[in-house]
Amino acid sequence: MRIGTPRALLGILAAAALAVPLVLTGTTAAQAVGPSVLPVTVTNSTGRGDTVHLYVLGTDLATGRLGYVNAAGTFTPWPAGSNPPSPAPDVSIAGPANGGTKTINVPRGFSGRVYFSMGAKLPFFLTPDGLVQPAPWAGGDASHDVLFDWSELTYNDSGLWLNSSQVDMFAIPHAVTVTGASGVTRRTGDVVANGRDQVIDALKAQPGWSGSVVTRADGTVLRVLAPGKAAAAGLLSTTYLDPYITSAWNAYTTRTLTVTPFSDQPSLRYYGRTSGDVMRFTNASGAQVASFSKPSSADVWGCDGALHAPNDQVVGPIARTLCAALNRGTLGTVDTQPSTNAAEFYRSSPTNQYAKAIHAAMADGKAYAFAFDDVGAFESLVHDGDPRSAGLVLSPFTGGGTGGGGGGGGGATAGALVNANGMCLDNDNRGTTNGNKIQIWGCNGTVAQQWSFVEAGSTLRVQGKCLDIAGGGTANGTKVQLWDCNSTGAQVWVPQTGGAYRNPQSGRCLDIPSGSSTAGTQVQIYDCNGTGAQRWTLR
């Protein structure tokens, strides 16, 4: 199970307080475990010619010592630092050129980050307390003009946790993968076609947010800062979210907020009511168990301050839920939290435009756009209890776009799949569970309608999974659903002249029952007949 907060991973920073969106395992039960040194392959698909430098930095979990890992997977503690901070040794690993790969190794019993910079090495410094991480949002930081990003990982006897992170900034889009002993590969973090530009353009277009887009003197967009970092740097109003926070907080002076913090314990509920600026929570017996003062914008951006989440089983889970709801704009309108319907997110005014843009640019809709984005499992995290390899894929800066799900690439074409009746092929409520309904819906540009046709395998993909015929059926009227990509005949769709998609296994085409234009109609397979119900355009 998961314990602690996403920011409890490193605990090693002397001069930069960072949000680390990764969870640790709370059990070490006997089980198969991965190799003593896990290979991690870094793939450079950015389309840029910059030299790539890699760094593996973090903590030896057995000793608690801080240090670095070389390409072979050997951990070395840092030497003593000084005040003022002294330069750290250059522990960079030569990364892959564009189109190439580089395999590095991570020892079991390690938790930390894999940094990757392009065009220049990253400056690191040491104090007597440990490593000073780059903080390009801070004035005068030596890393300000370096194009870089990072992923976070923990590898121990309970497996590998690996995630991409946008908690502090969005700079180099990248996917993360893990392949287990079973041979199954999990993948997340892929952006849609031109996803990096989509995020940049979205923030530039929002009043008050353009300052969060940081551009180098040579015209290179280095990063988009998360709202907490942008506000602290004077690039976004420090009170931007305050009007919404006040409205949401005051909603519960007359209504009750129900928080069900554990999905596996639906009967465990806490009830919140606001009096003045304080929201107090009681349990089913009516006893008060927690209270929170109305948070500031900074508290919400950082999921801290008035929303500090201790590592317990009551206050912390409630705080996490509140922070996620405030970032997603659902507090005050959805009275049972957490809300897991992504269609309800980011509708408040004002809202977290950064998190909205980041999630919209992800092929599977998942990201770590704020510290508790894992509430409801919307985080870009892969895990395997018995891993055999892992990967980081630095994504194209322009163009590109894949369906994710352990595949992608191979000549992927992405866009909305629009029927002749004007309705779009849609993944119901952006759900990612196997068997989720695939339907038609009004075209709305959400990730639930961002399909990729991947020529290698002839699959149609959305949110990291594949368009699949239920049960591998071949009869007319068999429903079509969402499922893990598995290379079976039930997931092969061959484009036909006229816009149809034919499934060779069944010999039938992707079809809307009776040519319906009613939103929510589940699609099916049917004899190929050339009607409008089977004419689709990927655009």
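Just so you know, the sequence shown maps onto residues -32 to -1, 1 to 507 in mature numbering (1 follows the signal peptide of the UniProt record, and there is no 0). Cβ coordinates follow ideal geometry from the N, Cα and C atoms, glycine included.
Close beta carbons around residue i, own chain, < 7 Å, minus the five adjacent residues each side
i: residue 177; result: 171, 204, 321
i: residue 220; result: 240, 241, 242, 247
i: residue 495; result: 444, 476
i: residue 165; result: 366
i: residue 539; result: The structure shown has nothing for residue 539, since the chain only spans -32 to 507.
i: residue 437; result: 446, 448, 458, 471, 474, 493
i: residue 395; result: 404, 406, 416, 430, 431, 450
i: residue -15; result: Reliability of the predicted coordinates at residue -15 is poor, the pLDDT of 34 falling under 50, and the value obtained from them is presented with this limitation in mind. The answer, listed in chain order, is 101, 136.
i: residue 17; result: 66
i: residue 524; result: Residue 524 is absent from the model: the chain starts at -32 and stops at 507.
i: residue 508; result: Examination of residue 508 is not possible in this model, given that the chain is present from -32 through 507 alone.
i: residue 480; result: 387, 408, 489, 491, 501
i: residue 505; result: 386, 467
i: residue 37; result: 24, 43, 74, 75, 78
6 Å Cβ shell around residue i - same chain, five flanking residues per side excluded
i: residue 337; result: 134, 323, 326
i: residue 442; result: 474
i: residue 132; result: 119, 142, 144, 157, 348
i: residue 340; result: 271, 288, 291, 292
i: residue 294; result: 268
i: residue 5; result: 41, 73, 75
i: residue 297; result: 314, 315, 316, 319
i: residue 264; result: none
i: residue 198; result: 180, 204
i: residue 390; result: none
i: residue 70; result: 10, 63, 64
i: residue 121; result: 130
i: residue 262; result: 217, 245
i: residue 210; result: 265
Close-in-space but distant-in-sequence residues of the same chain around residue i (CB under 8 Å, 5 per side omitted)
i: residue 507; result: 383, 384, 386
i: residue -17; result: For residue -17, the pLDDT reaches just 34, beneath the cut-off of 50, and the residue's location in the model is therefore unreliable, leaving the point undetermined.
i: residue 503; result: 387, 388, 466, 467, 468
i: residue 127; result: -8, 1, 2, 351, 352, 353, 354, 355
i: residue 472; result: 457, 460, 462
i: residue 229; result: 236, 238, 285, 286, 288, 289, 306
i: residue 55; result: 91, 92, 93, 94
i: residue 483; result: 389, 499, 500, 501
i: residue 183; result: 189, 190
i: residue 392; result: 384, 385, 386, 408, 409, 410, 411, 412, 417
Those residues which DSSP pairs with residue i across a bridge
i: residue 451; result: 434
i: residue 118; result: 83
i: residue 477; result: 470, 494
i: residue 330; result: 159
i: residue 259; result: 248
i: residue 7; result: 73
i: residue 56; result: None; residue 56 has no bridge partner.
i: residue 28; result: 78
i: residue 95; result: 98
i: residue 208; result: In the DSSP output, where bridge partners are listed per residue, residue 208 has none listed.
i: residue 415; result: Looking at the DSSP assignment, residue 415 forms no beta bridge with any residue, so it has no partner.
i: residue 1; result: For residue 1, which the question treats as bridged, DSSP gives no partner whatsoever.
i: residue 44; result: 36
i: residue 20; result: 86
Rounded distance between the beta-carbons of residue j and residue i, thought under 8 Å
i: residue 490; j: residue 447; result: 5 Å
i: residue 358; j: residue 348; result: Not a contact, Cβ separation roughly 14 Å.
i: residue 362; j: residue 14; result: 5 Å
i: residue 24; j: residue 72; result: 6 Å
i: residue 12; j: residue 63; result: 7 Å
i: residue 304; j: residue 344; result: Incorrect: roughly 12 Å between the Cβ atoms, too far for contact.
i: residue 433; j: residue 453; result: 6 Å
i: residue 130; j: residue 152; result: That pair is no contact at about 15 Å.
i: residue 218; j: residue 238; result: About 19 Å; that fails the 8 Å criterion.
i: residue 328; j: residue 397; result: 16 Å between Cβ atoms; not a contact.
i: residue 400; j: residue 332; result: 7 Å
i: residue 266; j: residue 196; result: 6 Å
i: residue 258; j: residue 282; result: 6 Å
i: residue 215; j: residue 148; result: Not quite, the Cβ-Cβ distance comes to about 46 Å (not below 8 Å), so this is no contact.
i: residue 29; j: residue 98; result: Residue 29 to residue 98, Cβ: 15 Å. No contact.
Cutoff 7 Å: residue i Cβ touching any chain B Cβ
i: residue 152; result: Although the question refers to chain B, the structure presented lacks it and comprises just one protein chain.
Problem set entry | Stretch-stretch touch, CB-based, cutoff 8 Å, three pairs: the stretch 461 to 473 with the stretch 351 to 366 | no
Problem set entry | Entirely enclosed alpha helix (DSSP H) segments - the stretch 126 to 181, minimum 4 residues | 163 to 173
For this session: Decide if the stretch 122 to 140 is in contact with the stretch 175 to 192; the criterion is three or more beta carbon pairs, one per stretch, under 8 Å apart.
Result: yes
Problem set entry | Sufficient close CB pairs (3 or more, under 8 Å) joining the stretch 47 to 54 to the stretch 77 to 87 | no
For this session: Tell me the start and end of each unbroken beta strand (DSSP E) in the stretch 213 to 250 that is at least 3 residues and wholly inside, in chain order.
Result: 225 to 227, 238 to 243, 246 to 250
For this session: Write down every uninterrupted run of the alpha helix (DSSP H) in the stretch 282 to 365 whose length is 4 residues or greater and which is fully enclosed by it, in chain order.
Result: 283 to 296, 321 to 328
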